[in-house]
Structure formats: structure tokens, C-alpha cells
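Number of protein chains: 2
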Amino acid sequence: MELDSYDIKLLGLLQKNSKTPQRQLSEAVNLSASAVNRRIAQYEASGLITATVAVVDPVKAGRPITLAVEVKVESERLDLLDEIKQRFSACSQVQQAYYITGDFDFLLIFNVQDMVEYEKLTRELFFSSSNIKAFRTIVVMQTLKASLAVPLSL
Amino acid sequence: MELDSYDIKLLGLLQKNSKTPQRQLSEAVNLSASAVNRRIAQYEASGLITATVAVVDPVKAGRPITLAVEVKVESERLDLLDEIKQRFSACSQVQQAYYITGDFDFLLIFNVQDMVEYEKLTRELFFSSSNIKAFRTIVVMQTLKASLAVPLSL
DNA sequence: CCTGAAAATCGTGAGAT
DNA sequence: ATCTCACGATTTTCAGG
Numbered sequence: 516m517e518l519d520s521y522d523i524k525l526l527g528l529l530q531k532n533s534k535t536p537q538r539q540l541s542e543a544v545n546l547s548a549s550a551v552n553r554r555i556a557q558y559e560a561s562g563l564i565t566a567t568v569a570v571v572d573p574v575k576a577g578r579p580i581t582l583a584v585e586v587k588v589e590s591e592r593l594d595l596l597d598e599i600k601q602r603f604s605a606c607s608q609v610q611q612a613y614y615i616t617g618d619f620d621f622l623l624i625f626n627v628q629d630m631v632e633y634e635k636l637t638r639e640l641f642f643s644s645s646n647i648k649a650f651r652t653i654v655v656m657q658t659l660k661a662s663l664a665v666p667l668s669l
Numbered sequence: 516m517e518l519d520s521y522d523i524k525l526l527g528l529l530q531k532n533s534k535t536p537q538r539q540l541s542e543a544v545n546l547s548a549s550a551v552n553r554r555i556a557q558y559e560a561s562g563l564i565t566a567t568v569a570v571v572d573p574v575k576a577g578r579p580i581t582l583a584v585e586v587k588v589e590s591e592r593l594d595l596l597d598e599i600k601q602r603f604s605a606c607s608q609v610q611q612a613y614y615i616t617g618d619f620d621f622l623l624i625f626n627v628q629d630m631v632e633y634e635k636l637t638r639e640l641f642f643s644s645s646n647i648k649a650f651r652t653i654v655v656m657q658t659l660k661a662s663l664a665v666p667l668s669l
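Protein sequence lines, in the order shown, are assigned to chains A and B.
Residues in the first sequence are numbered from 516 upward in steps of one, following this note's numbering.
Residues in the second sequence are numbered from 516 upward in steps of one, following this note's numbering.
(1) Taking only runs that begin and end inside the region 604-643 of chain B, name each unbroken beta strand (DSSP E) of 3 or more residues, in chain order.
(2) Output needed in chain order: residues of the region 568-580 of chain A with a Cβ under 8 angstroms from some Cβ in chain B.
(3) Please name the residue, chosen from Asn626(B), Ala560(B) and Ser549(B), that lies closest to Gln608(B) on a Cα-to-Cα basis.
(4) Please name the residue, chosen from Val584(B), Tyr614(B) and Cys606(B), that lies closest to Leu593(B) on a Cα-to-Cα basis.
(5) Within 7 angstroms (strictly less), CB to CB, does Ala649(B) reach chain A?
(6) Please tell me whether Val571(B) and Ile624(A) are closer than 7 angstroms, where the distance is taken between their beta carbons.
(7) Going by alpha carbons, who is nearest to Ser643(A) out of Met656(A), Val665(A) and Ile599(A)?
(8) Decide if Ile533(A) is buried, meaning its Cβ has at least 16 other Cβ atoms within 10 Å, or exposed.
(9) Compare the C-beta of Leu593(B) with all C-beta atoms of chain A and state if any pair is closer than 7 angstroms.
(10) Measuring straight from C-alpha to C-alpha, what distance separates Ala556(B) and Ala548(B)?
(11) Quick one: which unbroken alpha helix (DSSP H) runs of 4-plus residues sit fully inside the region 572-608 of chain A? Chain order, please.
(12) Out of curiosity, what's the CA-to-CA distance linking Val551(A) and Gln601(B)?
(13) Helix, strand or coil, according to DSSP, for Val665(B) in the structure here?
(14) Which class does Lys531(A) belong to by DSSP, given the choice of helix, strand or coil?
(15) Roughly how many angstroms lie between the CA atoms of Val586(B) and Val574(B), to the nearest whole one?
(16) In chain B, what lies closer than 9 angstroms to Phe603(A) by C-beta?
(17) Using CA coordinates, which residue listed in Tyr558(A), Phe619(A), Glu591(A) and Leu663(A) is at the minimum distance from Met516(A)?
(18) In angstroms with no decimal places, state the Cα-to-Cα distance between Asp509(A) and Ile653(A).
(19) Using C-beta distances below 6 angstroms, list every residue in its chain close to Leu595(A), excluding the 5 sequence neighbours before and after it, in chain order.
(20) Where does Ala649(A) land, buried or exposed, given buried means 16+ other C-beta within 10 angstroms?
(21) In chain order, what residues of the region 597-623 of chain B put their CB closer than 7 angstroms to some CB of chain A?
(22) With DSSP run on the structure shown, which of helix, strand or coil describes Leu526(A)?
(23) Of all the options Val588(A), Leu526(A) and Gln611(A), which has the alpha carbon lying nearest to the alpha carbon of Gly562(A)?
(24) Assuming Leu540(B) is part of the alpha helix (DSSP H), what are its boundary residues?
(25) DSSP puts Arg651(A) in a beta bridge; with which residues?
(26) Based on Cα-Cα distance, which residue from Phe619(A), Leu640(A), Pro666(A) and Glu634(A) lies nearest to Met656(B)?
(27) Quick check: what's the CA-CA separation for Tyr521(A) versus Val665(A)?
(28) Mind checking which residues open and close the alpha helix (DSSP H) that includes Glu559(B)?
(29) Just the C-alpha distance for Asp597(B) and Arg651(B), rounded to the nearest angstrom, thanks.
This is the structure we're talking about:
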């Protein structure tokens with residue numbers, strides 16, 4: 516999967532605004548509209564572009580609280596780890612879940628309406644499992660930047 | 516900005532796949548295509564939907580390394596904080612930047628090609644500023660989930 | 001692989017309920 | 001607020017280079 520300079524420009528534009536008309540994209544990169552169309556179709560077919568989604572403002576949607584949570588497990592037995600990964604991934608309030616190195620084993624990013632909702636979640640996700648040794652909640656005071664954009668160049 | 520059950524369903528669908536034709540959305544929520552069109556236009560005009568973007572697979576794009584970094588500042592003077600916030604936000608390798616409570620002041624999520632790139636970034640972002648007291652790098656071994664979807668219900 | 005034009009699909013706005 | 005219908009724009013396909 517080699518990316519040429521057209522791909523890099525197109526993916527950059529699509530990561531900013533995927534609603535840009537292909538005709539306009541074609542002007543921006545000096546290609547025909549159908550060439551742009553073919554390339555985009557291929558990004559999607561190959562899984563390079565995994566999805567195209569609307570980004571919703573959490574505050575305007577009435578869910579203003581973001582939390583980062585570090586989680587430490589008791590046992591690293593593979594089957595137990597998999598069960599926990601599954602649980603974290605399946606939780607809709609978990610926006611991001613990372614399996615990490617260091618003192619803790621997981622880093623989770625939550626979006627919730629209020630701390631009451633978070634308190635309920637901690638019970639479901641952490642206390643109901645005997646395999647969670649500890650977790651540390653970090654309150655986000657301000658989100659400076661939130662994107663999934665992969666920086667591409669050259 | 517009150518969301519009714521149509522809004523919640525539509526936003527849920529759009530956060531999963533914004534390329535879904537409005538005609539198909541209209542069938543899913545039992546509304547006409549033009550009603551769907553009008554609602555979507557309003558989400559965008561009001562800023563509820565801030566953008567619609569293509570999500571790129573970092574691994575397939577040749578940038579497989581994700582890092583979480585906790586940063587502690589020396590001084591919390593407002594002008595110095597603002598300068599740092601600006602710097603973090605402007606960095607294209609920083610996917611997410613949170614100003615947080617706790618021992619550290621910032622939590623950053625990086626995407627890089629390799630550790631060489633990250634090492635360069637630490638110099639530019641952390642060592643070149645006299646106001647960074649410490650930072651701790653957490654290597655992500657596995658990304659279980661990565662989205663910006665805001666969970667909506669009721 | 002590209003271009004350019006034709007064909008199919010989609011988004012959009014007007015008018016009516 | 002909503003729907004239907006018609007128009008214009010966009011996406012998609014296909015022939016030819």
C-alpha cells in the first residue's frame with residue numbers, strides 16, 4: 516500500500532472534511548473527478564479509510580464530561596484480559612480504549628453526561644469484575660483538541 | 516437545543532456512517548428525505564455536528580505508533596499555559612490534547628511513524644520550553660477502540 | 001493509470017398539507 | 001413542524017487513450 520502525493524493530499528482533505536465534492540477535490544489536486552472517485556473507492560475497499568463519520572460536539576449534545584481513566588488489572592491471564600478488553604470496547608461511553616505499558620494496563624477515555632453516570636459505569640466496568648486491581652480517574656477540564664486525523668506527508 | 520428521538524437516531528447513524536444516503540436514513544427513522552435533510556442542515560448550522568470526516572487506519576497509513584503522554588508544567592501562569600496549549604493544539608501529530616486535573620496538567624495522544632519521529636517531537640514540544648517540568652511517555656501496545664462518537668439515548 | 005462524457009443516484013428547495 | 005415532487009448537482013460507470 517504505497518501512497519503517492521495525490522493520495523496524501525486527498526486523505527488530508529478527506530480527514531478534514533469528507534463532504535468536499537469530488538469535483539472540488541479534483542481541482543485541488545489536479546486530477547479528474549473520476550480519478551478522484553476511483554481512488555476514494557479504493558481507500559474504502561482496502562480499509563485505509565475505515566469509516567466516514569459525523570463528529571458531534573459533546574457539549575452541545577448535553578454530554579459535557581470527559582474523563583481519562585487508568586486501569587490496573589489483577590491478573591494478566593490472556594482469557595481474563597480478553598474479557599476485559601471486550602467489556603471496555605463494548606461500552607458506548609468509552610470513546611477510546613488503549614492497552615498500555617507502564618504502571619497501569621489500560622487507558623480509557625470516557626464521555627458522560629454527569630458524574631452520576633460515571634459512577635454507575637465504574638460499578639459496571641470495574642467493581643463487578645474481580646480482576647480489576649485499581650483505577651485512577653482523571654477529570655478533563657478542557658479538551659484542547661480531539662481528532663483521529665493521521666498526519667500524512669511526503 | 517433539545518434533541519428528540521429522531522435527532523438521537525439520526526445522529527447515532529451519522530456518527531457511524533455519514534455516507535448513508537438521506538433516503539435510507541429517512542426509512543430508518545420513518546421520516547421523509549427532506550425532513551432528514553433539513554435536520555442535518557440544522558445540526559451543521561448550529562455546530563452540533565462540527566465536521567464530517569474520513570477516519571484513516573493509522574497502521575495501513577504507515578503510522579502505527581500511538582503514544583499517550585502526561586505533561587507537567589512548571590508555572591501555571593495563564594499566559595504561559597495558553598502558549599503551551601497553542602503549541603500542543605497546533606502539532607499535527609497530536610491527535611488529542613486534554614487539560615486535566617491531578618498530578619499532571621496535560622494528557623496528549625500522539626500518532627507517529629516511529630520512535631525517531633517521537634523523539635524529535637519531544638524536543639520541539641517539551642525541551643524547547645522552559646515551562647515543562649516533566650513528562651511521562653506511555654506506549655500504547657494495542658488500540659482497542661478509537662472513536663469520537665458521543666453516545667446518545669432517550 | 002488517466003480523461004471526458006453519459007447515466008444513475010443523490011441532495012435540495014418550492015409549494016401544499 | 002411535515003410530505004411530495006421536480007430540478008440541479010454529484011457520484012458513478014464506461015468507452016477510449
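Virtual Cβ for every residue (Gly too), placed ideally from N, Cα, C.
Judging by the given coordinates:
(1) List check, beta strand (DSSP E) in window: 609-615 and 621-627.
(2) From the region 568-580 of chain A, only Val568, Ala569, Val570, Val571, Asp572, Pro573, Lys575, Ala576, Gly577 and Arg578 have a Cβ closer than 8 angstroms to chain B.
(3) Looking at Asn626(B), Ala560(B) and Ser549(B), the one whose alpha-carbon comes closest to that of Gln608(B) is Asn626(B).
(4) Here the closest residue by C-alpha is Tyr614(B).
(5) False, the Cβ-Cβ gap to chain A never drops below 7 angstroms.
(6) Taking 7 angstroms as the cut-off, the beta carbon of Val571(B) is found no closer than this to the beta carbon of Ile624(A).
(7) From the listed residues Met656(A), Val665(A) and Ile599(A), the smallest Cα separation to Ser643(A) is found for Ile599(A).
(8) With the sequence shown as reference, residue 533(A) is identified as Ser, and Ile is not the correct amino acid for it. Residue burial is scored here from C-beta neighbours: Ser533(A) has at least 16 other C-beta atoms within 10 angstroms and is therefore classed as buried.
(9) Taking Cβ atoms only, chain A never reaches closer than 7 angstroms to Leu593(B), which makes this a no.
(10) Roughly 12 angstroms separates the two Cα atoms.
(11) Given a length threshold of 4 residues, each whole run of the alpha helix (DSSP H) inside the region 572-608 of chain A is given here in chain order: 593-605.
(12) Looking at the two C-alpha atoms, the distance is approximately 34 angstroms.
(13) Under the three-state reduction of DSSP, Val665(B) is assigned to coil, being neither helix nor strand.
(14) Three-state DSSP puts Lys531(A) in a helix.
(15) When rounded, the distance between both Cα atoms is 26 angstroms.
(16) Simply Leu659 and Lys660.
(17) Out of Tyr558(A), Phe619(A), Glu591(A) and Leu663(A), Tyr558(A) has the C-alpha closest to the C-alpha of Met516(A).
(18) What is shown of chain A runs 516 to 669, which leaves residue 509(A) out entirely.
(19) Asn646, listed in sequence order.
(20) It is exposed - the Cβ of Ala649(A) has fewer than 16 other Cβ atoms within 10 Å.
(21) Answer set for the region 597-623 of chain B: Lys600, Phe603, Ser604, Ser607, Gln608, Val609, Gln610, Gln611, Ala612, Tyr613, Tyr614, Ile615, Thr616, Gly617 and Leu622.
(22) Assignment of Leu526(A) by DSSP, reduced to helix, strand and coil, places it in the helix class.
(23) Ranking the options by Cα distance to Gly562(A), first place goes to Leu526(A).
(24) Per DSSP, Leu540(B) belongs to the alpha helix (DSSP H) from Gln537 to Val544.
(25) Residue pairing for Arg651(A): DSSP places it in a beta bridge opposite Glu585(A).
(26) For the set Phe619(A), Leu640(A), Pro666(A) and Glu634(A), the Cα lying nearest the Cα of Met656(B) is the one of Phe619(A).
(27) If you take the alpha carbons of Tyr521(A) and Val665(A), they lie about 16 angstroms apart.
(28) Run containing Glu559(B): Ala548 to Ser561, per the alpha helix (DSSP H) assignment.
(29) Linking Asp597(B) to Arg651(B) through their CA atoms gives a straight-line distance of about 21 angstroms.
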